[in-house]
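S.K.: Protein chains in written order, with this note's numbering: chain L, -11 to 183; chain Z, -11 to 183.
Built from N, CA and C at the ideal position, the CB exists for glycine as well.
Remember, it's a predicted structure, so these values are computed and weren't measured experimentally.
2 protein chains.
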Amino acid sequence: MVRAVPDTHGEILAAAARRFTVTGYRGTSLQDIAREVGCSKATVLYHFANKEALLAELMAPAIEMLRGLDEQLGGLTGAAAQEVAAAGFVDLAVRFRREIAVLRGEFPELLCQPAFAHIQQISDRLRDALAGHSDRPGARIAALVLLAGISEACGEFADIPDEELRPALLALARRAVEPVDVPLPHPPTTEDKDS
Amino acid sequence: MVRAVPDTHGEILAAAARRFTVTGYRGTSLQDIAREVGCSKATVLYHFANKEALLAELMAPAIEMLRGLDEQLGGLTGAAAQEVAAAGFVDLAVRFRREIAVLRGEFPELLCQPAFAHIQQISDRLRDALAGHSDRPGARIAALVLLAGISEACGEFADIPDEELRPALLALARRAVEPVDVPLPHPPTTEDKDS
DNA sequence: TCAGGGTCTGACCGATCGGTCAGGCATGCT
DNA sequence: AGCATGCCTGACCGATCGGTCAGACCCTGA
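#1: Given Gln19 (chain L), which residues of its chain have a CB within under 6 Å of its CB, disregarding the five upstream and five downstream residues?
#2: Using a 10 Å radius around the Cβ and a threshold of 16 neighbouring Cβ atoms, would you call Asp112 (chain Z) buried or exposed?
#3: Are the beta-carbon atoms of Gly137 (chain L) and Gly137 (chain Z) separated by less than 8 Å?
#4: Under three-state DSSP, which class holds Leu118 (chain Z)?
#5: Could you tell me which chain Z residues have their CB closer than 7 Å to the CB of Pro125 (chain L), listed as they occur along the chain?
#6: Counting only Cβ pairs nearer than 7 Å, list the residues of chain L close to Ala141 (chain Z).
#7: Nearest-angstrom Cα distance between Ile129 (chain Z) and Leu160 (chain L)?
#8: Would DSSP call Ala2 (chain L) helix, strand or coil?
#9: Can you say whether Arg55 (chain L) is buried or exposed, counting buried as having 16 or more other CB atoms within 10 angstroms of its CB?
#10: Secondary structure at Pro(-6) (chain Z), three-state DSSP: helix, strand or coil?
#11: With a threshold of 6 Å on Cβ separation, who are the neighbours of Leu153 (chain L) within its own chain once the five nearest residues in sequence on each side are excluded?
#12: Specify the secondary structure class of Thr184 (chain Z) as computed by DSSP and reduced to three states.
#13: Could you give the residue range of the alpha helix (DSSP H) that holds Arg163 (chain Z)?
#14: Does the beta carbon of Ile88 (chain L) sit closer than 8 Å to a beta carbon anywhere in chain Z?
#15: Alpha carbon to alpha carbon, what distance is there between Leu158 (chain Z) and Ala44 (chain Z)?
#16: Could you tell me which of Z:Arg6, Z:Leu33, Z:Tyr13 sits nearest to Glu24 (chain Z), measuring between CA atoms?
#17: Going by C-alpha distance, which of L:Leu46, L:Ala75, L:Pro49, L:Leu99 is nearest Gln60 (chain L)?
#18: Please state the DSSP three-state secondary structure of Leu134 (chain Z).
#19: In the DSSP assignment, find the unbroken alpha helix (DSSP H) run with Thr31 (chain L) in it and report its ends.
#20: Quick check on this structure: which residue in Z:Pro149, Z:Arg86, Z:Leu134, Z:Asp150 has the alpha carbon closest to the alpha carbon of Val165 (chain Z)?
#21: Is it true that the CB of Phe77 (chain L) sits closer than 8 Å to the CB of Leu132 (chain L)?
#22: Residues of chain Z with CB under 7 Å from Arg113 (chain L), in chain order?
#23: Can you give the Cα-Cα distance for Cys106 (chain L) and Leu98 (chain L), rounded to whole angstroms?
#24: From what residue to what residue does the alpha helix (DSSP H) around Pro49 (chain Z) run?
#25: Straight-line CA distance for Tyr185 (chain Z) to Met53 (chain Z)?
#26: Just the chain L side, please: which residues come within less than 8 Å of Ile129 (chain Z) by C-beta, in chain order?
#27: Strictly under 8 Å for the Cβ-Cβ distance: is Ile164 (chain L) near chain Z by that measure?
#28: Would you mind telling me which residues of chain Z sit closer than 8 Å to Arg14 (chain L), beta carbon to beta carbon, in chain order?
#29: Give the DSSP-derived three-state secondary structure of Met(-11) (chain Z) in the structure shown.
#30: Beta-carbon of Glu97 (chain Z) versus every beta-carbon of chain L: anything under 8 Å?
#31: Here's a check: name, in chain order, each residue in its chain whose Cβ is nearer than 6 Å to the Cβ of Ala50 (chain L), leaving out the five neighbours to either side.
Shown next, in the form of structure tokens:
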């Protein structure tokens, strides 16, 4: 036994992650987290400035990976952007499915908080890339449904190992995105948007 | 002017629908709804027994349609079940996108309430049908992502007319579901589950 | 004119929320 | 021994939540 040091900070973080995935961010009180750790609510607030700071520290790795994907997507367009966006987001969703599940349905309110300032813009760009930067409604709808569906559903795949979940989601994403029409021999007419 | 009768009941219902779609069920207080209507919180609770009853009356038509779809799905299997489930759920999502958006992320807690007792089982059967009643992980994952994605995203399509949204979602659903392998001339081997 | 029922309201309730604060209690350094 | 520091706690705070209640305000019919 090298160390019996309690590491309360980490325990609180882990307990919060567990509770948030079950009852959501707003549905979990600091009292709940403290009870799960076995300490007082004041102790939770001793280790974290406030509830939002707890969430921010919990989401930091996922957000960093999302930011990295956004940079990769910077110069890409069309089918290349679709492929990178799909593979990158599937990777992110599989690895951080627990963290993403925390945001279940509370995204709109949460990303108003300063800690998640640019997430909305990043996910907008991610959706555009997945749609092949097309403005056809079908492409945008498919991209939005796919992103929302993977985000929403990945939390329920806790029993499926990563090496099985990842290819299944990726195959689904490749089927689901509306193929971009650039490689067609004859360029599309202007009526395409209304079809 | 045949009637200047206020119809406060209906106004409260409409205001609640508006607020719920923006800030969610738990994120909307009775005070918020009362403020939007222009009456007191006590008036809201005069017309509705409690907050849950308000939600139940708001969701009733959507739930009834979902129940009807469940009955249709009763005797179907394979590709037929997939097609009916996809078309039926897309119809439901398009028509009741506002109501479905209310449940954003609060599904797990809400369907514990007695008013939504059997919704969980119905949506489970809907997912099974969409997966062609296959137990392949890929099929179940695709069905779950599709249902969650449409539910989650449809609330953001307020600006897209029904006649445009419906075929786009239906085409996406048909692309996204993993095809059931019954009609194949050569029956699949047992390794298919692991591919 | 008055009684009665439907509609609405302000005041209030207990519970719970996130967050603050003074102080207790070890431990280790001087 | 005395002191400082880090960790933790119970008690408390104001705000807000869903919900209750007695009574005011109409309108209508006898």
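M.R.: Taking the structure as given:
#1: Reading the first sequence from its first residue, position 31 is the one you call residue 19 (chain L). Excluding positions up to five away in sequence, the list reads Lys29.
#2: Here residue 112 (chain Z) refers to the residue found at position 124 of the second sequence. It counts as exposed.
#3: Along the first sequence, read from residue 1 onward, the residue named residue 137 (chain L) stands at position 149. Along the second sequence, read from residue 1 onward, the residue named residue 137 (chain Z) stands at position 149. Result yes, Cβ atoms of Gly137 (chain L) and Gly137 (chain Z) sit closer than 8 Å.
#4: The residue you call residue 118 (chain Z) lines up with position 130 of the second sequence. Helix, per DSSP.
#5: Stepping through the first sequence from its first residue, residue 125 (chain L) is reached at position 137. What Pro125 (chain L) touches in chain Z: Ile148, Glu152, Ala156.
#6: As a first step, residue 141 (chain Z) must be located in the second sequence, where it is residue number 153. Those within 7 Å of Ala141 (chain Z) in chain L are Leu132, Val133, Ala136.
#7: Translated into the one-based positions of the second sequence, residue 129 (chain Z) becomes position 141. Translated into the one-based positions of the first sequence, residue 160 (chain L) becomes position 172. Looking at the two C-alpha atoms, the distance is approximately 8 Å.
#8: What you label residue 2 (chain L) is simply residue 14 of the first sequence in a count that begins at 1. Of the three classes helix, strand and coil, the one that applies to Ala2 (chain L) here is helix, per DSSP.
#9: For this step, residue 55 (chain L) is matched to residue 67 along the first sequence. Answer is exposed; the Cβ neighbour count stays below 16.
#10: Reading the second sequence from its first residue, position 6 is the one you call residue -6 (chain Z). Three-state result, Pro(-6) (chain Z): coil.
#11: Working through the first sequence from its first residue, we reach residue 153 (chain L) at position 165. Only Val82, Phe145 meet the Cβ criterion.
#12: What is shown of chain Z runs -11 to 183, which leaves residue 184 (chain Z) out entirely.
#13: On the second sequence, residue 163 (chain Z) is found 175 positions in, with the first residue counted as 1. Unbroken alpha helix (DSSP H) run through Arg163 (chain Z): 150 to 164.
#14: The residue labelled residue 88 (chain L) in the question sits at position 100 within the first sequence. Output row for Ile88 (chain L): interface = no.
#15: Walking along the second sequence from the start, residue 44 (chain Z) turns up at place 56. Walking along the second sequence from the start, residue 158 (chain Z) turns up at place 170. Approximately 28 Å between the Cα atoms of the pair.
#16: Translated into the one-based positions of the second sequence, residue 24 (chain Z) becomes position 36. Answer by Cα proximity: Z:Arg6.
#17: Here residue 60 (chain L) refers to the residue found at position 72 when the first sequence is read from its first residue. Cα-wise, what sits closest to Gln60 (chain L) is L:Ala75.
#18: Counting from 1 along the second sequence, the entry for residue 134 (chain Z) is found at position 146. Helix.
#19: Here residue 31 (chain L) corresponds to residue number 43 of the first sequence, with the count starting at 1. Note, Thr31 (chain L): alpha helix (DSSP H), 29 to 35.
#20: In the second sequence, residue 165 (chain Z) corresponds to position 177, counting from 1. The residue with the shortest Cα to Cα distance from Val165 (chain Z) is Z:Leu134.
#21: Start at 1 with the first residue of the first sequence, and residue 132 (chain L) comes out as number 144. Start at 1 with the first residue of the first sequence, and residue 77 (chain L) comes out as number 89. Result no, Cβ atoms of Leu132 (chain L) and Phe77 (chain L) do not sit closer than 8 Å.
#22: On the first sequence, position 125 is the one that residue 113 (chain L) refers to. Near Arg113 (chain L) there are no residues of chain Z at all, since even the closest Cβ is about 16 Å away, more than 7 Å.
#23: Counting from one through the first sequence, the residue named residue 106 (chain L) turns up at place 118. Counting from one through the first sequence, the residue named residue 98 (chain L) turns up at place 110. The sequence shown places His at residue 106 (chain L), rather than the Cys named in the question. His106 (chain L) and Leu98 (chain L): Cα-Cα distance of roughly 12 Å.
#24: Taking the first residue of the second sequence as 1, we reach residue 49 (chain Z) at position 61. 39 to 60 is the extent of the alpha helix (DSSP H) around Pro49 (chain Z).
#25: Residue 185 (chain Z) is absent from the structure shown; chain Z starts at -11 and stops at 183.
#26: By one-based count along the second sequence, residue 129 (chain Z) stands at place 141. Chain L residues near Ile129 (chain Z): Ala141, Phe145, Ile148, Leu153, Ala156, Leu157, Leu160.
#27: Locating residue 164 (chain L) in the first sequence gives position 176, where the first residue counts as 1. Inspection of the sequence shows that residue 164 (chain L) is occupied by Ala rather than by Ile. It does: the Cβ of Ala164 (chain L) has a partner Cβ on chain Z nearer than 8 Å.
#28: The residue you call residue 14 (chain L) lines up with position 26 of the first sequence. Correct list: Arg14, Gly15.
#29: For the purposes of this step, residue -11 (chain Z) is taken as residue 1 along the second sequence, with counting starting at 1. Because the pLDDT at Met(-11) (chain Z) is just 40, under 50, the model does not fix this residue reliably, and the value given afterwards should be weighed accordingly. Coil, per DSSP.
#30: Your numbering for residue 97 (chain Z) matches position 109 in the second sequence. So, interface residue.
#31: Residue 50 (chain L) sits at position 62 when you count from the first residue of the first sequence. Hits under 6 Å: Phe84, Glu87.
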